[in-house]
Amino acid sequence: MNLPDKKDLTPKTVLFYICVALLSLLALQIVLRMLPPAIFLFLMLAPPIFVLSDAQERRLSRPVLWATFTLFTNVFGLLVYLLVHPEAPAVNSCKSCGGILEDKFANCPWCGEKVERPLAKCPGCSEEVKPGWKFCPNCNCSLSRETTVKDHTDNSTASA
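Here's what the structure looks like:
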């Protein structure tokens, strides 16, 4: 900060610097008086906003109701929500653009890319099985998540 020379200090510039200093102190006082209510408001609104966005992301049927419950009960409501909310459903996303895909889509509606479905094979009869199945519908072989994922990775490396 460059200070003016003594010869440039006229009563007008001195008065200007005093006004700037007083206005700065006034602005600081206003900010400091508003800070506690702003912090309080943030602490009151952060949990409901989080619950609303999380419930919408999980596609719950009534996200606004959960957010309203959390608004009135605050941290208690947040804890209740975190304890009872269902796990997020597995979301299929496009490898190209990251858009959300439904199971029935053959192509991405956002970028047009062909959707590649992970196909797992039964270790007993080598028929294709859907992810999440516990038993093969053809041979009644027990399917584990690790087996179907391992078989899928083996198939994808063999086809590459």
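Using numbering that gives the first Met the number 0, the letters of the sequence shown map in sequence onto residues 0 to 159. Every residue gets a Cβ at the ideal spot worked out from N, C-alpha and C, and that includes glycine.
Could you check what DSSP says for valine 114 in three-state terms: helix, strand or coil?
Correct three-state label for valine 114: coil.
Expected contact under 8 Å - CB spacing of valine 50 and threonine 69 to nearest Å
4 Å
Nearest neighbour of glycine 111, chosen from Ala119, Ser92 and Ser125 [CA to CA]
When each option's Cα is compared against that of glycine 111, the closest is Ser92.
DSSP state of glutamate 56, grouped into three classes?
helix
Apply the 10 Å Cβ neighbour rule to valine 128 and answer buried if 16 or more other Cβ atoms are within range, or exposed otherwise.
buried
Select from Pro122, Ser143 and Gly131 the residue whose C-alpha is nearest the C-alpha of asparagine 137.
If we check each option's Cα against that of asparagine 137, Pro122 comes out closest.
Proline 46 vs leucine 77 beta-carbon contact at 8 Å:
yes
Local conformation of serine 23 per DSSP, three classes:
helix
I need the DSSP call for leucine 100, collapsed to helix, strand or coil.
strand
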